[in-house]
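Read through the structure below, which is laid out as structure tokens, and then see the notes.
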Amino acid sequence: MRLKISLLKEPKHQELVSCVGWTTAEELYSCSDDHQIVKWNLLTSETSQIVKLPDDIYPIDLHWCPKSLGTKKQTQAESFVLTSSDGKFHLISKLGRVDKSVEAHNGAVLAGRWNYEGTALVTVGEDGQIKIWSKTGMLRSTLAQQGTPVYSAAWGPDSEKVLYTAGKQLIIKPLQPNAKVLQVWDSYGCLLYNSQPHEHPITSVAWAPNGELFAVGSFHTLRLCDKTGWSYALEKPNTGSIFNIAWSIDGTQIAGACGNGHVVFAHVVEQRWEWKHFQVTLTKRRTMQVRNVLSDAVDLLEFRDRVIKASLNYAHLVVSTSLQCYVFSTKNWNTPLIFDLKEGTISLILQAERHFLLVDGGGIYLYSYEGRFISSPKFPGMRTDILNAQTMSLSNDTIAIKDKADEKIIFLFEASTGKPLGDGKLLSHKNEILEIALDQKGLTNDRKIAFIDKNRDLYVTSVKRFGKEEQIIKLGTMVHTVAWSDTCNILCGLQDTRFTVWYYPNTVYVDRDILPKTLYERDASEFSKNPHIVSFVGNQVTIRRADGSLVHISISPYPAILHEYISSSKWEDAVRLCRFVKEQTLWACLAAMAVANRDMTTAEIAYAAISEIDKVRYISSIKDLPSKESKMAHILMFSGNIQEAEIVLLQAGLIYQAIQININLYNWERALELAVKYKTHVDTVLAYRQKFLETFGKQETNKRYLQYAEGLQIDWEKIKAKIELEITKEREQSSNNKSSKNIGLKH
């Protein structure tokens with residue numbers, strides 16, 4: 001990625017340019033110490049003077065009032081705020097009319113910023129005050145006051161907080177009175193990145209709208225950086241110091257306000273996308289080059305309009321221009337599917353195997369690769385401008401979006417309808433969530449979502465949430481980034497000092513004891529600080545290091561083959577594979593997969609291979625149980641699903657067996673509750689309870705047990721006879737069921 005610089009031979013301003021601001025992706029306004037406001041049209045390369053300010057007004061900062069969210073494409077902002085050195089800010093229309101000038105600060109007004117809705121304005125000044133104003137310029141409040149000048153300010157995404165400078169500190173101040181003030185670097189007070197000293201003072205910094213890039217201005221210097229701090233490109237235009245940088249609305253261009261009267265323009269080109277053996281490069285604004293590295297074949301893709309966003313995955317390239325969306329198949333680069341975009345600039349493209357998602361200022365839209373519109377999920381307080389690949393995830397059947405208003409909540413939608421998933425219940429966590437990721441393969445009912453919270457703990461849970469509270473289970477700690485494989489449900493992540501692969505994350509739902517045996521781990525110190533997983537395609541993981549370099553890691557192909565066998569119920573092939581590979585990790589995965597799919601014969605073989613003898617014995621005892629309901633209940637118990645096991649037995653009329661599993665687990669309250677409710681085996685429960693207390697030399701203290709034990713004599717012979725009768729009844733019931741099935745088959 002690099003910057004393509006555009007600079008006129010002669011400057012349009014006579015003095016230094018102090019600030020610039022885009023109205024659309026093709027139109028820019030610039031303000032200068034020569035008191036002129038100039039409009040630049042990039043399509044026609046024309047410039048025109050909008051207004052000549054009075055000689056006592058020296059502009060410092062300019063910010064266009066945003067249009068309300070969800071506006072139609074190519075709409076333009078209609079007015080802007082201009083702050084100046086005389087202590088005033090000015091509300092100026094697009095045509096150059098000064099609608100209002102307001103005395104705001106003692107000394108220069110150093111910055112003025114509209115909130116994201118355009119309903120409030122914050123100004124900061126040399127007098128150390130931070131003030132909030134209405135849209136019409138009426139003072140609402142003085143948010144803070146300090147002894148040193150405040151040089152810059154920014155709104156929080158929810159427009160409920162303001163970030164401002166205070167000497168060497170950055171401070172986040174909520175608008176609510178008496179709310180906690182945070183001295184910060186990021187929202188948790190951590191320093192994210194610190195560069196080496198530059199040759200000259202840094203005079204401007206600006207984030208791209210999607211938060212993936214930022215630009216840095218200095219003397220004769222314009223630098224393009226990744227969000228983690230490393231540099232993509234360094235240009236040395238003849239500009240003097242660049243005092244202000246503005247990104248175009250679509251994030252493809254930069255404008256810089258220069259000390260020598262110039263306005264410098266820079267277009268972001270040579271972006272790259274890679275998938276398997278294809279490499280796509282944006283060579284010009286409207287041109288892409290596709291290279292097949294296996295055959296060395298090269299294709300050129302020409303577009304009618306400027307390319308804004310692109311994504312290459314699942315054998316498809318999706319490209320959005322300012323007006324249209326193009327969908328290419330990797331099998332045919334000559335005939336793309338093209339459709340017009342409903343709204344303005346696309347800010348995010350997400351792909352899954354069957355469809356892709358477009359996000360713009362107006363909404364979220366799901367399309368098939370044939371260009372058919374599928375759905376458009378919505379939720380209260382939706383802000384599409386702040387959605388990104390960390391806070392949004394897509395699979396073949398599910399869309400997951402992290403809520404910005406309450407960062408502990410994830411919204412889940414059906415991909416096919418855009419409606420809330422299941423019973424509409426939200427996924428709620430105890431801490432703020434940083435990153436989410438849906439697995440990509442398997443059945444909808446088994447769909448899982450992994451997420452990292454602010455403590456850097458990794459959790460996994462099911463997305464299908466009907467009535468019962470789904471378990472949210474911790475998979476790991478100190479996890480910085482995760483990714484699911486695109487071919488099977490294998491999860492990889494970068495932990496504190498380790499690169500970890502969870503070959504079968506569902507193990508936590510089946511047998512958490514053997515989870516460590518299903519992992520692959522290796523040292524991650526070679527990736528340096530703050531690495532990031534870019535992709536996980538097949539058995540290859542691509543990691544971006546802190547210096548920007550890409551590292552490719554190949555993991556074992558066998559777990560993916562095992563996943564494929566299990567999804568096709570090829571249990572014999574799975575066992576044969578494990579015997580061939582002879583790895584404990586693979587056997588452990590097979591053991592968990594077999595239990596999850598209720599194949600206890602395979603589970604017994606796999607557990608024996610990893611020397612889990614106690615579990616082999618338990619599985620063997622399950623196989624000897626008389627009825628399929630008892631077997632199912634004990635398999636559920638094996639996986640820790642006690643409640644479900646009890647429900648299976650009760651629904652089958654096996655009351656004693658339901659009571660007995662609670663006795664075995666020392667759930668004495670529940671065992672007695674069932675016995676009383678169904679009026680059977682109360683004496684059995686009391687007998688086992690008495691035996692339990694005698695073993696430990698204790699006296700009964702439970703009031704309910706004392707109540708039912710009053711006047712009752714325990715007769716163990718009678719109880720054993722009753723238990724034998726229950727087992728006999730179960731066997732007979734099971735054999736009758738089999739007989740009736742066989743008769744049905746004959747008929």
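Under our numbering, think of the first position of the sequence shown as 1, with each following residue one higher.
A virtual CB, placed ideally from N, CA and C, is assigned to each residue, including glycine.
When secondary structure is reduced to three states using DSSP, Ala671 falls in the helix class. Assigned with DSSP and collapsed to three states, Trp230 falls in coil, not helix or strand.
Counted as a single uninterrupted DSSP element, the alpha helix (DSSP H) harbouring Glu604 occupies residues 600 to 609. Note that the C-beta distance between Ile364 and Ser393 is not below 8 Å.
Between Ala560 and Thr507 the beta-carbon gap is near 16 Å, outside 8 Å, which marks them as no contact. Only residues of its own chain outside the window of five on either side were considered, and among them Glu15, Leu16, Ser18, Tyr58 have a CB closer than 7 Å to the CB of Asp33, listed in chain order. Around the beta carbon of Ile613, a 10 Å sphere encloses fewer than 16 other beta carbons of the protein chains shown; the residue is thus reported as exposed. DSSP places Phe339 within a strand segment (E or B) once states are collapsed to three. Under DSSP, Glu46 forms a beta bridge with Asn41.
When the Cα atoms are used, Gly418 and Val537 turn out to be separated by approximately 27 Å. In the DSSP assignment, Arg383 falls outside any alpha helix (DSSP H), carrying neither H nor E. Pairing Ile642 with Leu665 gives a Cβ-Cβ distance under 8 Å. The stretch 407 to 417 makes contact with the stretch 368 to 384, as at least three CB pairs between them are under 8 Å.
According to the DSSP assignment, Pro174 belongs to the beta strand (DSSP E) that extends over 169 to 174. DSSP places Ser79 in the strand class (E or B) of the three-state scheme. The closest CA to that of Thr287, considering only Val268, Trp275, His277, Ile346, is found on Val268.
Within the model, the alpha-carbon separation for Ile245 versus Ala208 is close to 10 Å. Residue environment for Pro54: exposed (fewer than 16 other C-beta atoms within 10 angstroms of its C-beta). Around the CB of Arg272, fewer than 16 other CB atoms lie within 10 Å, so the residue is classed as exposed. Val109 has Gly125 as its beta-bridge partners, per DSSP. Asp513 carries a helical assignment under DSSP once its states are collapsed to helix, strand and coil.
DSSP links Cys258 through a beta bridge to Ile242. For the 8 Å CB-CB criterion, Asp99 and Leu110 do not form a contact. The three-state reading of DSSP puts Asn313 in strand, counting E and B together. A straight line joining the alpha-carbon of Phe696 with that of Tyr688 spans about 13 Å. The beta-bridge partner set that DSSP reports for His355 consists of Ser368. Note that the C-beta distance between Asp299 and Val307 is not below 8 Å. Exclusion of the five residues before and after Phe339 leaves Cys325, Gly371 as the residues of its chain whose Cβ lies within less than 6 Å of its Cβ. In this structure, Asp453 places its C-beta atom within 8 Å of the C-beta atom of Ile433. Taking one beta carbon from each stretch, the stretch 718 to 733 and the stretch 695 to 709 have fewer than 3 pairs nearer than 8 Å; the two do not touch. For Lys474, there is no enclosing alpha helix (DSSP H); the residue is part of the beta strand (DSSP E) that begins and ends at 473 to 476. For Gln440, there is no enclosing alpha helix (DSSP H), since its DSSP letter is neither H nor E. Thr602 is a Cβ neighbour of Ala594, given a cutoff of 8 Å. Inter-segment contact for the stretch 621 to 637 and the stretch 655 to 663 is present: three or more beta-carbon pairs are separated by less than 8 Å. When secondary structure is reduced to three states using DSSP, Cys190 falls in the coil class, being assigned neither helix nor strand.
Annotated as distal: Leu337 and Val359, with beta-carbon spacing of 8 Å or more.
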